[in-house]
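The working numbering numbers the first residue of the sequence shown as 24 and each following residue consecutively.
Built from N, CA and C at the ideal position, the CB exists for glycine as well.
These figures come from a predicted structure and were not determined experimentally.
A short worksheet on the structure shown next.
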Amino acid sequence: MSDLVHPLPYASWETRGWWEGCGRGELVLQRCTTCRRIQHKPRALCAKCLTDTVEHFVASGRGTIHTFTVTHQNFMAPFNEHLPYVLAYVELAEGPRVLTNVVGIDPADVRIGQQVVADYASSPRDDGEVFAVPRFRPA
Ligand SMILES: [Zn+2]
């Protein structure tokens with residue numbers, strides 16, 4: 024079992040809060056101040072009421088594995104160096120689901136409903152920004 028480290032993301036103006044938060048070791052979600060919906064992925068508008076009254080907040084970083092698959096075959100680097108790995112939808116304690124990896128556990132031991140906590144894979148960048156990719160470990 025090895026730790027899968029992703030290529031670093033590109034941050035658009037809509038997703039910058041998410042990626043910067045991950046760089047600080049925080050999951051930053053959006054909440055609509057009009058209808059109170061919590062959403063992910065980051066957007067300029069609330070996906071429910073379509074207002075632009077969204078604010079960012081730091082989520083708990085806790086979640087539950089909603090579903091997952093174990094990938095045994097992938098020819099693309101760097102993923103081919105970390106087989107098998109777990110790709111999962113984690114339902115955050117705040118409600119939204121994120122597509123992510125589960126690390127720090129033998130893939131054969133991963134279970135739906137398992138409690139997990141966010142962890143962050145980061146690599147140095149040459150532009151001075153700090154981004155990271157969130158993944159989850161058993162709680
Ligand atoms: Zn709304």
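Residue range 39-46 is occupied by the alpha helix (DSSP H) that includes residue 39, with no beta strand (DSSP E) assigned at that position. Counting only residues whose CB is nearer than 5 Å to a non-hydrogen atom of ligand 1, the list in chain order is 55, 57, 58, 60, 69, 71 and 72.
Counting along the chain, residue 79 sits inside the beta strand (DSSP E) bounded by residues 77-81.
Between residue 88 and residue 113 a beta carbon distance of about 6 Å is seen, short of the 8 Å cut, so the two are scored as contacting. For residue 117, the three-state secondary structure derived from DSSP is coil.
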